[in-house]
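Structure record follows, encoded as structure tokens.
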Amino acid sequence: MSATDPILEIDRLSMIFGGLRAIDDVSLHIREGEICALIGPNGAGKTTIFNCITGVYRPTEGRVTIRRGSGQREAIQGLKPNVINRKGLARTFQNIRLFGNMTVLENVMIGRHNALAAGVLRAIARDAATRDEEERLIDDCRRILVKMRLDPFINETARNLPYGAQRRLEIARALATDPFLLLLDEPVAGMNPHETKELEETINLIRDEEKVTILLIEHDMSLVMNVSERIYVLDYGRLIAEGTPDEIKGNPEVIKAYLGE
Amino acid sequence: MDFFLKLFLSGTAKGSIYALIALGYTMVYGIVQLINFAHGEVYMIGGFTALIIGGLLFSSGMAVPLVLLLSILAAVVFSAAFGFTIEKLAYKPLREKPRLSALISAIGISMILQNVVLLAQTEKYLSFPSYLPELEFLRPVREYLNSTQFIILVTTAAIMVILTLTIKFTRMGKAMRATAQDKHMAQLVGVDINGVISLTFIIGSALAAVGGVLICSYMGQINYYIGFVAGIKAFVAAVLGGIGSIPGAVLGSFILGWTESLGTGYLSSDYEDAYAFVILILILILKPDGILGKNQKQKV
Amino acid sequence: MERNKLFRDLRTSLIIAAWFSFLLFPLLVMKVSVTSGAALVRFRWERLPGIAVAAFALSFAWRRALEWNEARGDKPSGAGPIAALTARARSALAVKPIRLSVSAVLLAVVAVYPFALGMYHTNIMITALIYVILALGLNIVVGLGGLLNLGYAAFFAVGAYTYGLLWKYAGPAFVAAGVDPGWLFWIALPTAGVLAAVFGALLSLPVLRLRGDYLAIITLAFGEIVRMVLQNSGAVTGGATGISLIPRPWFFGLRLPPRQAATYIYYIAVALVALTVFVVRRIEDSRVGRALEAMREDEIACEAMGVDLVRNKLVTFSLGAFWAGIAGVLLAAQTTYINPDSFTLWESITVLMAVVIGGTGSIPGAIGGALLLKLLPEYFRPLAQYRMLIYGIAMILVIIFKPDGLFPRNRKKYTFEGAPSEGGASPAADGQEARR
Ligand SMILES: Nc1ncnc2c1ncn2[C@@H]1O[C@H](COP(=O)(O)OP(=O)(O)OP(=O)(O)O)[C@@H](O)[C@H]1O
Ligand SMILES: [Mg+2]
């Protein structure tokens, strides 16, 4: 296994809804430690790719494989979302899906669900080990919230948060699941330039300090060009370009896709 | 073979009555995604109205065919009125609430209607005088298909055809289909959502009323509780065919009618009411979208 | 301006009164009876004015209430006299001496109840307590899990029949061996709970991935099938006649006279209620409880965070079934006689109503709702025949105007109260109970 062996590989993926080919024979890969971007006009199929990777949809055709550490490559397409999450893939949602009536802290606690072990019987007994586990849980969550600069809101009900903070909470919650690959669906949508700048730093921080590889979908081109090392461009479900930010900027196909003809 | 044919035909008659009720379920579900638990009660009220109005007219010496016609008409009018009122009262205020709220409200309505009839009329089974004519030309085959069954079949078939054409070709039908597809979009292009929903309840209830009169004539009795079992069975038929789909509801109803008929004939009559439930469980486990239903994936 | 609105309102109410007079005319004013095949109709004109007036008044009130409801919007019922009262009660209970004395009084009342009020009232209370256990159990499924179960009576039946069948088949052996058959109760209690839980898991396993409303209907189907099987397998279960002479619980080998037996069962029921409340609270306030909370909020997000929804739903289903099994044994012990009629769909719906009217998800709600639904009809005998009608109306009113029920849930929220960080942790939100 060489270091360049990708940790996520999508091989000839297609997804068909009724008559619509939302994804058409797409192959892509991500190497460890990369920040990759997936861009494309509205309706290109970006979110659908995320849904296929994370098990929300079962792809019509194709394979999705991952490799963790120096382990074997394994196929994950068609597995259930919670199983895929346990394998180390975590995501955020384009249309924010927080647990709105729960506190910020509780949202992150749900992210750590699988880091804990207490089942029903231990919940009823509430033995020392369980109490310890809960104590540690709150500390862990708080650490994540501090990192995402959400600690001022820690006891706030999630849906009362300002928009930008809600997006950051989505990331915090995903990080709490201890992923090796983080999939961000339009993380700065609706944020102001200042917030966007902050999030850009956060994304770099997550990659550098947490050693989490990142694949992000984004319409904000300045963010995409600043943070990503490689970019995939999708149009009408097909991959039309791949390359470094500079290569993509000058690609006539991409310009055509965005501007139309 | 003889026995089979008999069972098959009585199953067909039963199935066509289920179809009349199932259509109401499927149309309402198609438009507002609500299991209208009270639909069976609307059907029971149709039967009672026909009994009451029919009795009144008959004792006033009116000719039987006219009694029949007017009592069916009365059943249709009152059931439709009930359907309309129930929607406005118990479902409309909950339209934007979680789905289960409306389902609970529907259970409440079902209990209210049952108990209103129980308290205001009677708890006993009443025998239901049939005003349906005896058809001479069926005499030779009467053992297989009697007049009541024949009339049920023909009526149902006619209603199906009219309903399908209405939904396919009229303006209101188009509005209904648009609403079923996407409520908010339909509203944007100028469809009167409230009108469409009311109309759906009215049509569904009217069909149930016809079913009510026919099945009561067929069984020869009525009781405040008949709506419940028939309602559940019709719902099973609608799910079996694929809820939201009109041809599906009809197909599901026939399959259910045949299963019940053949099941009681060949297996055991102790479990007559259980066949529907067993079918329901199997279909929901194996193919939750039903035979003709569309597979719907939630967008994320 | 105001006058105009009033005028319009009155006119609408008049129209609605006319509409209801028409709508209800055949059912309420006319009355049919059938003699020798011919339907006879009698008119009860005296009812018509009453219907019109009632419809007029109710329509007026109804529209006002709807307006108020809409104006209130999605805000939780913050204002209003009831909310103010509960808030005051809550803050009073937060004071330790008050809490202790209230608990002491409550405990004393519960303890002396059977002695003060006698056997008749004790028996009524036992029935109510059985419903409290049922409601608490169903509340796990509906309130915590967000799964509508319309076949809950089936698990109740599993419990009752576990005891019944144990008695029917093992009882003679116990008697022959000279062992008090009352022991069977204590054997049946855990067995029935576990059996019902296993049963719940097995039944729900294939259906849990179904949408909420489909799940409701399929549980209804399961419930009815279980009842039909009990009814039709007479050789084993006694069929429609059921099983009788079920022994009372063992009490140090004494054969208690009915009155003392009732008192004894009453205390067992109270203890079981306490146990149920304890267990439900512990679960609510745990990793499992949090996951359920999140699952109700957003299943897709919850699954994406690694929570196994099927497993969670299975656990809630079995836990709910467990308590129904326990309640079933209690029922068999109290009535000493069981048959399938005690486990109809309406039984399931009554328990559901207790949960909904009390307050979905709320423990005081389940207790209050069950007591209300079971005790009121006992003490308002003249109203008994209107029971189901009133329940139906109450259920609709609650779900429209007070969806969180009469005794709403006050969820314990997790908050962080540690030393303020640089940003400074904000004080506990929403005035909810804080933790840690
Ligand atoms: N569950 C579904 N059923 C049917 N069609 C779907 C479904 N999910 C997505 N689609 C369709 O697939 C296509 C791609 O959608 P997708 O959400 O992946 O686009 P996107 O690239 O994320 O767009 P945007 O930038 O607007 O988020 C669209 O035409 C969409 O309507
Ligand atoms: Mg998208």
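Those protein sequence lines, which keep their order, are chains R, G and H. All residue numbers for the first sequence refer to this note's numbering, where the first residue is 1 and numbers rise by one. All residue numbers for the second sequence refer to this note's numbering, where the first residue is 262 and numbers rise by one. All residue numbers for the third sequence refer to this note's numbering, where the first residue is 562 and numbers rise by one. Note that CB positions come from ideal geometry on N, CA and C, so glycine has one too.
Item                                                                                                                                                                          : Value
Assuming methionine 866(H) contacts arginine 173(R) (C-beta within less than 8 Å), just tell me the rounded distance between them.                                            : 6 Å
Less than 8 Å separating the beta-carbons of serine 522(G) and serine 271(G)?                                                                                                 : yes
Measure the alpha-carbon distance for arginine 131(R) versus isoleucine 144(R) and round it to whole angstroms.                                                               : 20 Å
Does the count of Cβ pairs from the stretch 488-502 of chain G and the stretch 278-285 of chain G closer than 8 Å reach three?                                                : yes
Are there any heavy atoms of ligand 4 lying less than 7 Å away from the beta-carbon of phenylalanine 93(R), as far as the coordinates show?                                   : Ligand 4 is not among the ligands present in this structure, which contains only ligand 1 and ligand 2.
Give the secondary structure of histidine 29(R) by DSSP, where H, G and I count as helix, E and B as strand, and everything else as coil.                                     : strand
Under 7 Å: does the beta carbon of threonine 47(R) sit that close to some heavy atom of ligand 2?                                                                             : yes
Within 8 Å (strictly less), CB to CB, does valine 254(R) reach chain H?                                                                                                       : no
Could you pull out every unbroken beta strand (DSSP E) segment of at least 3 residues lying fully inside the stretch 204-249 of chain R, listed in chain order?               : 213-217, 230-235, 238-243
Taking the continuous alpha helix (DSSP H) assigned at glycine 761(H), which residues delimit it?                                                                             : 744-765
Just grab the DSSP bridge partners of cysteine 263(R) for me.                                                                                                                 : Outside the shown range of chain R, which is 1 to 261, sits residue 263(R), and nothing can be said about it.
For valine 868(H), write down the residues that DSSP places opposite it in a beta bridge.                                                                                     : Paired residue(s): none; valine 868(H) is not in a bridge.
On the DSSP bridge list, what partners appear for valine 602(H)?                                                                                                              : Val593(H)
Looking at the C-beta of lysine 963(H), does it have a partner C-beta in chain R at a distance below 8 Å?                                                                     : no
Please classify leucine 393(G): does DSSP put it in a helix, a strand, or coil?                                                                                               : coil
Does the beta carbon of alanine 22(R) fall short of 7 Å from some heavy atom of ligand 1?                                                                                     : yes
Is aspartate 185(R) near ligand 2, in the sense that its beta carbon is under 7 Å from a heavy atom of that ligand?                                                           : yes
Within its chain, find whatever has a CB closer than 6 Å to the CB of glutamine 448(G); leave out the 5 residues flanking it on each side and keep chain order.               : Ile454
Exposed or buried, what is glycine 488(G) when buried is set at 16 or more other beta-carbons lying within 10 Å of its beta-carbon?                                           : buried
For glycine 472(G), count the other beta carbons within 10 Å of its own beta carbon; 16 or more makes it buried, fewer makes it exposed. Which is it?                         : buried
Helix, strand or coil: which one does DSSP assign to aspartate 24(R)?                                                                                                         : strand
Can you name the start and end residues of the beta strand (DSSP E) that aspartate 185(R) belongs to?                                                                         : 181-185
Enumerated in chain order, which unbroken segments of the alpha helix (DSSP H) with a length of 4 residues or greater are wholly contained in the stretch 624-702 of chain H? : 642-655, 657-700
If you draw a straight line from the C-alpha of leucine 547(G) to the C-alpha of tryptophan 884(H), how long is it?                                                           : 30 Å
Is DSSP giving isoleucine 899(H) helix, strand or coil here?                                                                                                                  : strand
Take the Cβ of asparagine 194(R) as the centre, count every other Cβ of all protein chains shown within 10 Å, and call the residue buried at 16 or more, exposed below.       : In the sequence as presented, asparagine is not what sits at residue 194(R); that position holds histidine. Exposed, since its Cβ has fewer than 16 Cβ neighbours within 10 Å.
Among the residues of its own chain, which have a CB less than 7 Å from the CB of valine 917(H), if the five just before and after it don't count?                            : Met956, Val959, Ile960, Gly966
Taking 7 Å as the cut-off, is the C-beta of phenylalanine 265(G) nearer than that to any heavy atom in ligand 1?                                                              : no
Near leucine 424(G), what residues of its chain come up, given a Cβ to Cβ distance below 8 Å and the 5 sequence neighbours on each side ignored?                              : Leu284, Ile464, Leu468, Ile507
Could I get the ranges of all uninterrupted alpha helix (DSSP H) runs contained in the stretch 395-465 of chain G, with 4 residues as the minimum, in chain order?            : 408-430, 432-442, 444-449
Need the endpoints of the alpha helix (DSSP H) that serine 371(G) sits in, please.                                                                                            : 360-381
With burial defined as no fewer than 16 other Cβ atoms inside 10 Å of the residue's Cβ, what is the status of valine 666(H): buried or exposed?                               : exposed
Output yes or no for whether 8 Å exceeds the beta carbon distance between tyrosine 485(G) and glutamine 375(G).                                                               : yes
Out of Pro901(H), Arg788(H), Ala882(H), state which residue places its alpha-carbon closest to the alpha-carbon of phenylalanine 716(H).                                      : Ala882(H)
Going by DSSP in three states, isoleucine 807(H) sits in which element: helix, strand or coil?                                                                                : coil
Secondary structure at isoleucine 960(H), three-state DSSP: helix, strand or coil?                                                                                            : helix
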